[in-house]
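See below for the structure under consideration.
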Amino acid sequence: MLPWAVLWDMDGTLVDTAELHFSAWRECCARQGRDFTEADFQATFGRRNPEILRFLLGDHLTDQEVASLGEAKEQLYRAEARKTGIELLPGARNLLTSAREHGAFQAIGSSAPRANLDLILELTDIGQYLGTTVGMEDTSRGKPDPEVFLIGAQRLGVNPSRCVVMEDAVAGIQAASAGGMRSVAIRHVGHHPVEALQMAGATLVVECLSELNGPILAGLLNL
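Position 123 of the sequence shown, counting from 1, maps to 919 under the numbering used here, and the rest follow consecutively.
So, in structure tokens, the structure goes:
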């Protein structure tokens, strides 16, 4: 049988780090004399830091300023994550295991910086399930562009049409659709309504990862 793959978003899909990111963005913006609201947070889900920072602070920022501000924000996030700890969302480890047992290659395709990905892998011990990880530094365009997932599929050696993307955000579901992939929208963290995820092109919408297993994901590809 030809290989198939599960491509995982990270924040909001495998782990719930929303409050940590929100707090870090709020502090980062406060240092620049700008408020950071829940609406700002929702508007930037799934996007890369360079795009988020220019959305929040303006296109006048230089690349060096963007890099510096982005790193400062991520240092705030990582320090708090190490302090409080990170746990996988309910059902995540069982689904990672079930997908592997059913023959799926697996990867993470995230807008997060590499250091954040490495921290999550360290704190959750899920590297054993993954063939590769794709982060912000590996891409030039953020979701809803499909680049991050297409790179993941390429690195795994799997045709995009045989990939299932696991996402919580509208931008991520749009990216999967643009890449010709099936997708599952997980609503556990509850940031997006069912209708918006369906409109974005989700093949399946579930409330929790525990509703899924490897055969269900394979079935989305008619395997």
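Each residue gets a CB set at the ideal place from its N, CA and C atoms; glycine is no exception. Note that the coordinates shown come from a computational prediction; the quantities given were computed from them, not determined experimentally.
Residue i vs residue j beta-carbon contact at 8 Å
| i | j | result |
| --- | --- | --- |
| G927 | L952 | yes |
| G938 | S957 | no |
| A801 | V930 | no |
| M962 | T809 | yes |
| G899 | L803 | no |
| T935 | R844 | yes |
| L872 | E823 | yes |
Buried versus exposed, by CB contacts within 10 Å (16 or more), residue i
| i | result |
| --- | --- |
| P825 | It is Cys, not Pro, that sits at residue 825 in the sequence shown. Buried. |
| L867 | For the sequence presented, residue 867 should be read as Glu rather than Leu. When all chains shown are included, E867 counts as exposed. |
| D807 | buried |
| H856 | exposed |
| G948 | buried |
| K879 | exposed |
| M932 | buried |
| A835 | exposed |
| L798 | exposed |
Residues near residue i by beta carbon distance below 8 Å, same chain, minus five either side
| i | result |
| --- | --- |
| E1007 | G887 |
| R850 | L857 and V862 |
| H987 | G808, A814, Q838, F841, D964 and A965 |
| L884 | L810, V811, T920 and I922 |
| V980 | V960, V961, M962, E963, A998, T999, L1000, V1001, V1002, L1008, L1013 and L1016 |
| F759 | The question about residue 759 has no answer, for the chain in this structure spans 797 to 1019. |
Beta-ladder partner(s) of residue i, from DSSP
| i | result |
| --- | --- |
| S979 | V961 |
| T928 | A903 |
| D807 | V811 |
| I1000 | The sequence given here places Leu at residue 1000; Ile does not occur at that position. Its beta-bridge partners are V980. |
| L884 | V811 |
| V802 | Q902 and V960 |
Close-in-space but distant-in-sequence residues of the same chain around residue i (CB under 7 Å, 5 per side omitted)
| i | result |
| --- | --- |
| Q828 | L853 |
| E870 | P909, A911 and N912 |
Close beta carbons around residue i, own chain, < 6 Å, minus the five adjacent residues each side
| i | result |
| --- | --- |
| E847 | G938 |
Checklist entry - Okay, do the region 942-949 and the region 914-924 touch, 3+ Cβ pairs below 8 Å being the bar? => result At 8 Å Cβ cutoff, the stretches do not touch.
Checklist entry - So does the region 817-837 actually touch the region 968-983, counting three or more Cβ pairs closer than 8 Å? => result At 8 Å Cβ cutoff, the stretches do not touch.
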